[in-house]
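*Asks:* Numbering (this note's numbering), first residue to last: 30 to 462. One structure follows; several queries about it will come next.
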């Protein structure tokens, strides 16, 4: 399907613009880019409400009882309670045991990891596409026995002595990407750029509890008007898809292509329409993903039936798209993304790849005078823009949750998600079951 691609490159910008770890343009000046998250939410529309207020430190804050949930009852943690005051020694977790082997096991209970950290009992979590990298890749001996997942929400049950703005009882979303919490970049909520090289994906989320470092910059108190499903998406894939859209620099009347219409691609598709493009193409090989994209208003292109590059060129008068988001990660989809990109266009890659090298025809790209942006998301950086969009009902990303399963069915959830069975787009798991 593709012509010769033969020169190996890393991150590049053929327009001469620098590549950075996060490519979101600045948001409205009314939003203060500071950490902890109190100043950030001072600018948000809508009240914080009982679900997730941010609080100043007080001497007795660690001993306070959990805040009542919205139904007036004490919120149910994703764990089995013991006698009052008792500390548990074990919890359930979904654990990696090798190629396509995820097992539900008892593991040592999580603890507050450091004075700046917090312990969160999960109430919901999801399976991410990047979880499948290890799931169906070669057996990684170093990862055997490790907990899966990084898309979780829950309730804070304990905080370290240095935590200032999070307290027990807060209902929070846990950022999938965390840093040191103290450097200039982390203070600006750009955890993907941690100056102390502590950027990491918090792969601890598919368990009944999570030890969260740098709690003041890693936890989002969930505001009123944001559902639990939406909050789970705020931990990773909604900011990731939105980063792709922002990085592509979509202008009103511009043409857009999203390569990969899985969960991240669906986030990019929906948020791309906020910027007034004239056409949005969705490229994938899975029929039900393309159907969902078409419902959003995108033009579906089935790459299993046609050459997607030729199809896009045919529908753009041979020009291609000015703004392209790559939302899958494999080398084949990256090549498609470059192929559909117009001269002078911008390609924003947010699809995670396990490939350490990418082989492309550099001479062909050089002639396009293009901009290529690629990097890990800082979920916190997108929250000030995304939370109001959710509260105001301008986006409905929760539509991607096609399957809701108990945690006990987690291994089956992985099989469904990996096999793309039963119209699945994304799977939510309930740790209380």
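All C-beta atoms in this analysis are idealised placements derived from N, C-alpha and C, irrespective of residue type, glycine included.
#1: Residue 459 lies in the beta strand (DSSP E); which residues open and close that run?
#2: Pairing CB atoms from the segment 218 to 226 with CB atoms from the segment 183 to 191, are three or more of them under 8 Å?
#3: How long is the line joining the alpha carbons of residue 398 and residue 306, rounded to whole angstroms?
#4: Excluding the 5 residues flanking residue 367 on each side, which residues of the same chain have their C-beta closer than 7 Å to its C-beta?
#5: Among the residues of its own chain, which have a CB less than 6 Å from the CB of residue 357, if the five just before and after it don't count?
#6: Count the other C-beta atoms from every protein chain shown that fall within 10 angstroms of the C-beta of residue 355, then say buried if there are 16 or more, exposed otherwise.
#7: Do you know how far the Cα of residue 346 is from the Cα of residue 202?
#8: What runs of the alpha helix (DSSP H), each 4 residues or longer, lie entirely inside the segment 164 to 228?
#9: Name the DSSP beta bridge partners of residue 127, please?
#10: Do residue 262 and residue 249 have their C-beta atoms closer together than 8 Å?
#11: Tell me, to the nearest whole angstrom, how far the beta carbon of residue 142 is from that of residue 292; I am working on the premise that it is less than 8 Å.
#12: For residue 117, which three-state DSSP category applies?
#13: Within 10 angstroms of the Cβ of residue 378, are there 16 or more other Cβ atoms? Answer buried if so, exposed if not.
#14: Considering Cα atoms alone, identify which of 429, 135, 287 is closest to residue 364.
#15: Give the DSSP-derived three-state secondary structure of residue 425 in the structure shown.
#16: Could you tell me the distance, in whole angstroms, from the CA atom of residue 231 to the CA atom of residue 434?
#17: Going by DSSP in three states, residue 248 sits in which element: helix, strand or coil?
#18: Might you give, ordered along the chain, the residues of its own chain that have their beta carbon closer than 7 Å to the beta carbon of residue 105, omitting 5 neighbours on each side?
#19: From residue 417 to residue 302, what distance separates their C-alpha atoms?
#20: Could you pull out every unbroken beta strand (DSSP E) segment of at least 3 residues lying fully inside the segment 274 to 311, listed in chain order?
#21: Residue 338 lies in the alpha helix (DSSP H); which residues open and close that run?
#22: Is the separation between the beta-carbon of residue 458 and that of residue 436 shorter than 8 Å?
#23: Can you have a look at residue 269 and say buried or exposed, based on whether 16 or more other CB atoms are within 10 angstroms of its CB?
#24: Taking only the alpha-carbon atoms, compute the straight-line gap between residue 360 and residue 385 and give it to the nearest angstrom.
#25: Which residue marks the beginning of the beta strand (DSSP E) containing residue 378, and which one marks its end?
#26: Within the continuous alpha helix (DSSP H) that includes residue 318, where are the two ends?
#27: Ordered along the chain, which non-local residues of its own chain (more than five positions away) have a Cβ less than 8 Å from that of residue 118?
#28: Determine the DSSP secondary structure at residue 150, reduced to helix, strand or coil.
#29: Relative to the C-alpha of residue 196, which candidate in 227, 145, 169, 208 has its C-alpha closest?
#30: What does a CB cutoff of less than 7 Å around residue 452 pick up in its chain, not counting 5 residues either side in sequence?
*Replies:* Short version:
#1: 455 to 459
#2: no
#3: 22 Å
#4: 376, 389, 394
#5: 289, 380
#6: buried
#7: 44 Å
#8: 213 to 216
#9: 130
#10: no
#11: Going by Cβ atoms, the distance from residue 142 to residue 292 rounds to 28 Å, so no, they are not a contact pair.
#12: coil
#13: buried
#14: 287
#15: coil
#16: 22 Å
#17: strand
#18: In this prediction, residue 105 has a pLDDT of 36, which is less than 50 and means its spatial position is unreliable; what the coordinates show is noted afterwards. Taken in chain order, the residues that qualify are 461.
#19: 16 Å
#20: 284 to 288
#21: 337 to 344
#22: yes
#23: buried
#24: 10 Å
#25: 370 to 378
#26: 316 to 325
#27: 137, 138
#28: strand
#29: 145
#30: 317, 431
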